[in-house]
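What follows is a set of notes on a single structure, which appears directly below.
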Amino acid sequence: MMQEWGNWALDTARRRGASYADARVMDIRQREISTKNGEVGNILETETLGIGIRVIANGAWGFASTDRLTREGVQACAAEAVSIARASSLAKRENVSLAPEAAYVDTWQNPFLKDPFKIPVERQIDLLLAADTEMRRVKGVTIAEGMMSFKRIDQLFVSSIGSRIHQLKMHSGAGIVATTFAGSEIQKRSYPNSFGGQHALQGYELIESFDLVGNAQRTAEEAVELHHALQCPEGTATIILGGSQLGLQIHESVGHPIELDRVLGQEANFAGMSFLTTEKLRKLKYGSDIVNIVADARLEHGSGLGTFAYDDEGVPAQCIPIITNGLFTGYLSNRELASAIDEKRSNGTMRTESWNRLPMVRMTNISINPGQWKYDDLIADTDDAILMETNRSWSIDDRRYQFQFSTEIGWEIKGGKKGRMIKNPSYSGITTEFWNSCDAICSREHWTLWGTPNCGKGQPMQTMGTGHGASPSRFRNVRVGVAFSK
Amino acid sequence: MTPVKKKSPAKRRASSKHHDPGRFSVAEMENLAERLLKLSDADETEVEIDLSVDALTRFANNTIHQNVAEHTLSISARVVLDGRTARATTNKTDDDSLRRVIATASSLARNEPKNPDLLPLLPRQKYKKVDHFVRATAEATPEDRARAVARVCKFADKQKQTAAGIFATGYGRALLANSKGLFARHDHTESEFSITILEPNSSGWAKRGSANVFEIDPDALAASASHKAATSRSPRELKPGHYTAILEPSATLDFVGSLFYDFSATAVHDKRSCLNDRMGRKLFGDNITLWDDVYHPLQVGPEYDGEGFPRQRVLLVERGVPRNLVYSRASAKKMKAKPTGHGFTLPNEHGEAPTDLVFAGGDSSVAEMIASTERGVLVTRFWYIRDVEPYEKVITGMTRDGTFLVENGKVAGGIRNFRFNQSIIAALSNVEMLGPSIRASGEESFDMVVPAMKIRDFHFTEVTKF
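First to last, the protein sequences are chains A and B.
All residue numbers in the first sequence are consecutive under the numbering used here, ending with 486.
All residue numbers in the second sequence are consecutive under the numbering used here, ending with 1466.
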């Protein structure tokens, strides 16, 4: 039926005078389970099926979506998209034009071993509750929480240039958190990452690889111990960031500023703009010579939340060099905006949250290439630093210059050894100064493709999953402790 | 919105009786709920149906670049089986899909442990009426929105400025029914206009949201944003430090917005609220009084909570003293209190929260706050606010789109944007002046009724490059 719905949409749009049309039929199934202090918190399954139709008419964009998937419903939706495009043309400055792209007929799905929707829910709950029990065995834990989520996206893209692309994506994620209240302080530790755990385009095998139960006690003990730890000092320091924190640093201070729609002002009212104005392309020294960052949506980069075969306007997945030996070398673009940076083709980063949302320029997997350092050698090579792990708080200005991050936990590094625990670690800086201060990146064996499942952008707001490959890295002369300054 | 002669508020507020969102009438939605309830053989069943039609016109660089409409339906069933509960949701209305949604919820419930906090579903309730549906908003067209946007883009062009923003209108109906005979319905409309006006090195912003699209004046909002952009040209850099801060209502909204979940009884029970061990003790200044009040004329929420319990008006803070929390039925039972009608849809682990907050205002205008300030910072809006320390309620964020130095009682020009790290508790103990409370819109928090505030010793910790 998906193909038929797509055809009805394209035929109607064409008949109504659209010069271009595409449609996304998406059938999305989700399962969410959470536990808290020995009980099931949330347990929910959701399914949603519908079609989003995007057209150009009178040289302007229109988009409409519906879940009424009768012939009449789809045709009315396509007609509405054309009529909206005609209304848009009341305030157009020039006609929309798209960079050329070939038509593709293809089918793709990400590899996974175990379909999480076929794993009995009882087993999934039991796993979270077992980790919960382990965390609550540790004296001082006030809240033990676990969460697991799965999403299956079955989608068909069709376009008036003749593309017909069927993709199936399976997304899994899980995590645990121990929270402690003591005196006048709340602390927490999460595993394997904070804010929902680790997520990837994989099956249930990903969840099994975490060993949530085996890591629960340590996670809880660290949360309790934080109350007795040293307060993060205020000043300038060398810092070593753990992989997941560096992943979020990449997301905020590289991934967002390279979105070409932001650069060109399309997000000015909400998500903001970017300091990376177009004259900086291939001229700005973004980072130190050892910093190499790519935007890679291809499966060979890994099964991340930004992995696909085609983006949501039918452009094949690509690997884009973003920072090359420290030099700023690329933006994320789409078919409409590619010409603004003199590119002949979109680099394939249009993505949509669901059938009822318009695709927009989005991060794929924005990853730092691994360096040469073994982790132990990096610590041994560091005389005086703070090691910071697992994000607790993040904030950056609307042009992506000035940022501040806090992590759940830190440790002193003194004389090449990991020392006392540090609580409330935080650091801040200016994006380009920070990346230029990077002097060591750990090797492939310490590199993980982290998943950020909750990136918000656009109006109406869309939440998207993005991937960030990173390994622990060292930065010099970074301002620390400002978040807690008096 | 095209200028239309404004009618009296009484006439503009039209009944929703004859306006059906999308393809379903009230009777058809009720019929859908009945079908679902009949399909279920669980001990108890609750059905939630949400229907919405939303449209949004987005503009940037003085042109429309995105214009969208969506029609969505959500059919959700929660079943209770032998002390267990689970939920499943679909947007498909055929019999097979409805049967599947019940079967999925039942299967999830059967496979979980018993929930000791689970209460029987509520029987039929009596609700105090609210009217949050305005026909004119529901009937706004893409052409209406495009004409208003074309006008503000032309205005920006004339000022040699660049405009970006949105004009959104929408309407919807939510229906909640259960096998014990409860039935609740909330019809609502919403409209929102937000505009950023850019100059080469400055910007200004304004936003308004309302159930009634006629209460939104895009031209006035554009003029205000334009004025802010023009008066903050070539911003100077000020040293970070403690300043008197004058927060316009949108800035107040986003600053205090992080506080709402702290008034959840579950958050206090879990010891993750900043009110833990602090109820009944002086925490804020004498001039801070706060309610949750869905019946306030500027609020737009439904008159019942996620379980269908009638919402109560709750005094949260009285002259600086936290007095009451809000409760779901489960947290009320656990904490030996009465439910207040603030529970989230079940099942969930978060409990409840106040979502129709109303801060008591004062009678000082922003102009009077400026005139009374020797040296301070005037803030239009905040951005990217996140928790730093949850018990002292230290939050961080940036100023954005119109930050000004105030000197000797006057606005002395634009300044580069600041990062702040500031305890909300400390700030609300340092409020020197309050403006009248209005329904404010921001980007970090849901809309609330809040005043402008003049706050001493606000901690701006770092400065950015623009």
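We treat Cβ as the ideally placed atom computed from N, Cα and C, and that holds for glycine.
Just so it is clear, the structure is predicted and the values come from calculations on it, not from any experiment.
In this structure, DSSP gives R1135 of chain B a helical state, which the three-state scheme calls helix.
Contact annotation: K418 of chain A and A229 of chain A have beta-carbon atoms that are not nearer than 8 Å.
By the criterion of at least three beta-carbon pairs nearer than 8 Å, the stretch 1285 to 1303 of chain B is in contact with the stretch 1420 to 1430 of chain B. Taking a Cβ-Cβ cut-off of 8 Å, the neighbours of P120 of chain A in chain B comprise N1111, given in sequence order. Around P1451 of chain B, the same chain offers P1249, T1252, F1359, G1361, G1362, L1434, G1435, P1436 and S1437 as residues with beta carbons nearer than 7 Å, after the five sequence neighbours per side are excluded. Within chain B, E1443 have C-beta atoms less than 7 Å from the C-beta of F270 of chain A, given in sequence order.
In this structure, the CA atom of I28 of chain A is about 16 Å from the CA atom of F308 of chain A. In the three-state scheme derived from DSSP, where H, G and I count as helix and E and B as strand, S209 of chain A is classed as helix. Q402 of chain A belongs to the set of residues whose beta carbon lies under 8 Å from a beta carbon in chain B.
Residue environment: H166 of chain A is assigned as buried (16 or more neighbouring CB atoms within 10 Å of its CB, all protein chains considered). Looking at the DSSP output, S149 of chain A bridges to A:E32 and A:G173. Residue contact check for Y1384 of chain B against chain A: a CB pair falls below 8 Å. A contact between stretches requires three or more CB pairs, one per stretch, nearer than 8 Å, and the stretch 387 to 395 of chain A fails this requirement with the stretch 198 to 211 of chain A.
Secondary structure note for V121 of chain A: its alpha helix (DSSP H) is the uninterrupted segment V121 to R136. Within chain B, the C-beta atoms nearer than 8 Å to that of F181 of chain A come from K1271, R1272, N1276 and Y1391, in chain order.
In the DSSP annotation of this structure, the continuous segment of the alpha helix (DSSP H) that includes L1039 of chain B starts and ends at V1026 to L1039. Taking the C-beta atoms as reference points, S471 of chain A is found no nearer than 8 Å to S437 of chain A. The beta-carbon distance between G50 of chain A and M26 of chain A, rounded to whole angstroms, is 7 Å. This is short enough to meet the 8 Å contact definition. For C77 of chain A, the uninterrupted alpha helix (DSSP H) run begins and ends at R71 to S88, by DSSP.
At least one C-beta of chain A is nearer than 8 Å to the C-beta of Q1066 of chain B. In the three-state DSSP reduction, M461 of chain A falls in the coil class, being neither helix nor strand. Contact note: E80 of chain A reaches chain B through A1069, using a C-beta cutoff of 8 Å and chain order. Less than 8 Å divides the Cβ of S19 of chain A from the Cβ of A57 of chain A.
Residue pairing by DSSP places T1189 of chain B opposite B:Y1171 in a beta bridge. Residue environment: K1126 of chain B is assigned as exposed (fewer than 16 neighbouring CB atoms within 10 Å of its CB, all protein chains considered). Of all alpha-carbon atoms in A:V482, A:K457, A:T448 and A:V254, the one lying nearest the alpha-carbon of S244 of chain A is that of A:T448. Ranked by how close their Cα comes to the Cα of P1200 of chain B, the residues A:W61, A:M273, A:R137 and A:M147 have A:M273 in first place. If you draw a straight line from the Cα of Y310 of chain A to the Cα of P100 of chain A, it is about 15 Å long. Bridge pairing for V1406 of chain B: B:G1376 and B:V1411 [DSSP].
Cβ-Cβ distances below 8 Å link S426 of chain A to C232, S393, Q404, F405, S406, T407, V480, G481, V482, A483 and F484 in the same chain, with the five nearest sequence neighbours on each side left out; the list follows chain order. Secondary structure remark: continuous alpha helix (DSSP H) runs of at least 4 residues inside the stretch 294 to 355 of chain A: none found. Between the alpha carbons of L1051 of chain B and F1446 of chain B lies a gap of roughly 21 Å. Close to K1092 of chain B, with beta-carbon spacing below 7 Å, are these residues of chain A in chain order: L49.
Under DSSP, the beta-bridge partners assigned to A1088 of chain B are A:E45 and B:A1077. The beta carbon of T1169 of chain B does not come within 8 Å of any beta carbon belonging to chain A, so the residue lies off that interface. In the DSSP assignment, E408 of chain A falls outside any alpha helix (DSSP H) and within the unbroken beta strand (DSSP E) covering Q402 to K414.
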